[in-house]
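Residue numbers (our numbering), protein chains in the order written: chain A, 27 to 436; chain B, 27 to 436.
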């Protein structure tokens, strides 16, 4: 078993990696998640398309993130470590890892971007309810954090800084702590494929097969988890399902980024990876889909896009919230702002079917509910949200700082 | 069909009332809800008991409340009304009715206790996301509200006042608006029995049958929904399942209340009902299980308790939070503080089985998740919560104001 949860270098020569029994034991608490035919939405759109959504919000923390948090914690425990450290923005990933660490009796240290720590206490409390220690980042518990706080005691923090602090913390604990990763890396995407594998079986039960599979796309965990099993069928069984990755126009790494080697973090301490990137110094506009505000992209998703195996589309913020509320009015569930990007693209696809009269089968991943994102909905309802143009100048500036050594594989 | 959703006088001579197709159509979005064997909790408790929980938190609003909100909205629409008015405390019921009204294209006016409206904006925003109008109560949209605000512009409001305002609003709209009820009344409890009916079928699939069924108890919707189908089997098939209703020591209407005619609201405008009551003027201590802070009790649940068909137990606040965190650590789900009362009693029952070595089958209702109650968990983790003694003096005072005309049925 070459699978390792804690390193970017994780590789395996096996096509299939067995899910360990103790991981299945936890998955059973909420898995399989439902695949739901959105009949009420179809009716509302008056479309001949069949729309299905795979809903991951039934997990105890309300998103798909535990699908990888649980095996990561399991393998880390197996390796004899006593805890995990990680970074989180608004806290969706952090709360998943906090729960997983509780299950496997591991300490959990979460470095949460300070501005979120202060403004969004609910996710922090959820993490603490599972026994995690949550540090506002920059924190005084790492050397790097103390340095930043000395310069500015009110430093708002950033994901890049939180990443550096969590690595710092893991390293300083002498190998007893391992780093947890919520997206981007191969093992994470592989763990998440449980979503798509379930969906394949569920479509068989439903007697249908999707013509198109749609997910949002931040760093790749939605795309990898939901679509890789369908792509596998495309490659091995001659299926022809379209895969569409949906990103925000404010942070369009696939549609506007460069396919190049770049750093995964602002601090440039992660190994460089070949991926679609807007530049590791690029700071995206403050859209409310925090999980999609990342400069880079999973190398696996990037390669598939570069090879033309998947499509990508960028959608603006206001249109995603509009779609989210339309979906809630039809199906009840208020989507997480990230997941709402997939909702937007699925509705657009269904409306095109209405025009053309095609009875396509559309599947999308609803990766989480929006119960922790109500401040964003409040802002939308009060017309305080805005759309962001493609931040061309900021991207161009960030691009100038790509690592100089580039390997051209093609 | 005698079923009416909007009146306390609703009666039917039928034992079974068919669920209308449009209601089933909505139920299908999240029903059947899972019945889960709590194997990880059993292991943690080292008990020979089998513990099952029926989990209603998978509904789009995170609780069992839509089970009645949806049929209420359906029948109100059938009757030709254009909207519904209701009251809500922290907003669990209000958000369920807001969703249901959206589904059936009804206006929804929710009078939310002002102190909750100000301090707990998330539920309000959820209601608004479904298109509801949420008024802080007392509000300036009713005569009664305006009167109270003239006396005190910063009036914090109360459930009793919100009840009066919602009735006022419904009445002033000339029959076009109907009142929605989240608990207490016969139709509500009947709608909720979908929970227990599903559980019966699920236990058949599991090849087990519960020796004891446990739910929390505020005004009766948990008890009625989960346990009435099991009681029906007790009565008609000679089964012998114990039913335990769990209430807070701070508001012990079954264990300490009087079985008497009383008003359902502080304003004494509802019809009087024979029920267990602490007096309609009794204001319970500020425990965090807001849904259990009610002076009275469903007449149906009261009659069953009086006849010895069900048991009741009161548990203190700190012990329920302790149980909730133990449950979250084993099963992942952080319970709503209300539901945590059932968790506490189920754990206690399982621990007694450990002592006695009995392999009992314990079932409890986990009626909602706690994602909107994290401030309460924060207070618990920071040791800011306290237990409340039985508020004997306040109850005695309230009891002196029971309606004078009492009918003694026994």
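Cβ atoms here follow ideal geometry from the backbone N, Cα and C, with glycine treated the same way.
Endpoints, beta strand (DSSP E) assigned at residue i
i, result
"residue 163/A", "159-163"
"residue 112/B", "109-114"
"residue 271/B", "268-274"
"residue 137/B", "133-139"
Within chain B, partners of residue i - CB distance below 7 Å
i, result
"residue 354/A", "155 and 156"
"residue 151/A", "400, 403 and 404"
"residue 125/A", "358"
"residue 148/A", "400"
"residue 351/A", "155"
"residue 391/A", "Here the premise fails: no neighbours, minimum Cβ distance about 17 Å."
Residue range of the unbroken alpha helix (DSSP H) whose run includes residue i
i, result
"residue 49/B", "47-53"
"residue 288/A", "Careful: residue 288/A lies outside any alpha helix (DSSP H), inside the beta strand (DSSP E) at 284-288."
"residue 127/B", "118-129"
"residue 258/A", "247-263"
"residue 57/A", "From DSSP, residue 57/A is part of no alpha helix (DSSP H); its letter is neither H nor E."
"residue 298/B", "Here residue 298/B belongs to no alpha helix (DSSP H); instead the beta strand (DSSP E) covers 298-303."
"residue 77/B", "That residue, residue 77/B, is in no alpha helix (DSSP H); its beta strand (DSSP E) goes 76-81."
"residue 182/B", "That residue, residue 182/B, is in no alpha helix (DSSP H); it is neither H nor E in DSSP."
"residue 94/B", "92-104"
"residue 427/A", "No alpha helix (DSSP H) contains residue 427/A, which DSSP labels as neither H nor E."
"residue 69/B", "65-71"
"residue 154/A", "147-155"
Burial state of residue i (16 or more Cβ within 10 Å)
i, result
"residue 218/B", "buried"
"residue 135/B", "buried"
"residue 131/B", "exposed"
"residue 198/B", "exposed"
"residue 54/A", "exposed"
"residue 28/A", "For residue 28/A, the predicted model reports a pLDDT of 31, less than 50, meaning its position is unreliable; a value from the coordinates is still stated below. So residue 28/A counts as exposed."
"residue 271/B", "buried"
"residue 396/B", "buried"
"residue 382/A", "exposed"
"residue 72/B", "exposed"
"residue 390/A", "buried"
"residue 328/B", "buried"
"residue 429/A", "exposed"
Test item: CB-CB of residue i and residue j under 8 Å
i, j, result
"residue 155/B", "residue 354/A", "yes"
"residue 257/B", "residue 330/B", "yes"
"residue 305/B", "residue 424/B", "yes"
"residue 148/A", "residue 398/A", "yes"
"residue 268/B", "residue 220/B", "no"
"residue 222/B", "residue 255/B", "yes"
"residue 127/A", "residue 99/A", "yes"
"residue 140/B", "residue 356/B", "no"
"residue 438/B", "residue 297/B", "Outside the displayed range of chain B (27 to 436) lies residue 438/B, so it cannot be described from this structure."
"residue 358/B", "residue 125/A", "yes"
"residue 394/A", "residue 145/A", "no"
"residue 250/B", "residue 91/B", "no"
Closer than 7 Å at the beta carbon, the chain A residues around residue i
i, result
"residue 321/B", "Chain A residues near residue 321/B: none, gap ~30 Å exceeds 7 Å."
"residue 411/B", "Per Cβ cutoff of 7 Å: no residues; residue 411/B is ~13 Å from chain A at best."
"residue 128/B", "355"
"residue 71/B", "The contacting residues do not exist; residue 71/B stays about 16 Å from chain A at best."
"residue 344/B", "Within chain A, no residue comes near residue 344/B; the closest Cβ sits about 15 Å away, beyond 7 Å."
"residue 50/B", "Those within 7 Å of residue 50/B in chain A number zero; the least Cβ separation is about 12 Å."
Contacts of residue i in chain A (Cβ-Cβ under 8 Å)
i, result
"residue 397/B", "88, 148, 152, 397 and 398"
"residue 84/B", "84"
Any non-hydrogen atom of the ligand GDP within 7 Å of residue i CB
i, result
"residue 82/B", "With respect to the ligand GDP, the structure shown offers nothing to examine, as it has no ligands at all."
Neighbouring residues, chain B, relative to residue i (Cβ below 8 Å)
i, result
"residue 407/A", "151, 154 and 155"
"residue 223/A", "Chain B residues near residue 223/A: none, gap ~20 Å exceeds 8 Å."
Neighbouring residues, chain B, relative to residue i (Cβ below 9 Å)
i, result
"residue 61/A", "What residue 61/A touches in chain B: nothing, since even the nearest Cβ is about 13 Å away."
"residue 67/A", "None at all; the shortest Cβ gap to chain B is about 11 Å."
Short CB-CB distance (under 8 Å) between residue i and chain D
i, result
"residue 231/A", "Within the model displayed, chain D is absent; protein chains A and B are what it includes."
Chain-ordered neighbours of residue i on chain A, where CB pairs are closer than 9 Å
i, result
"residue 132/B", "Chain A residues near residue 132/B: none, gap ~12 Å exceeds 9 Å."
Complete alpha helix (DSSP H) runs within the region 387-425 of chain A (minimum length 4 residues, chain order): Segments of the alpha helix (DSSP H) lying fully in the region 387-425 of chain A: 400-407 and 418-425.
Ignoring anything shorter than 3 residues, give me the beta strand (DSSP E) runs that lie fully in the region 316-379 of chain B, in order along the chain. Within the region 316-379 of chain B, the complete beta strand (DSSP E) runs of at least 3 residues fall at 337-341.
Can you list, in chain order, the stretches of the beta strand (DSSP E) that have 3 or more residues and sit fully within the region 185-242 of chain A? Here the runs fully enclosed are 203-205 and 238-242.
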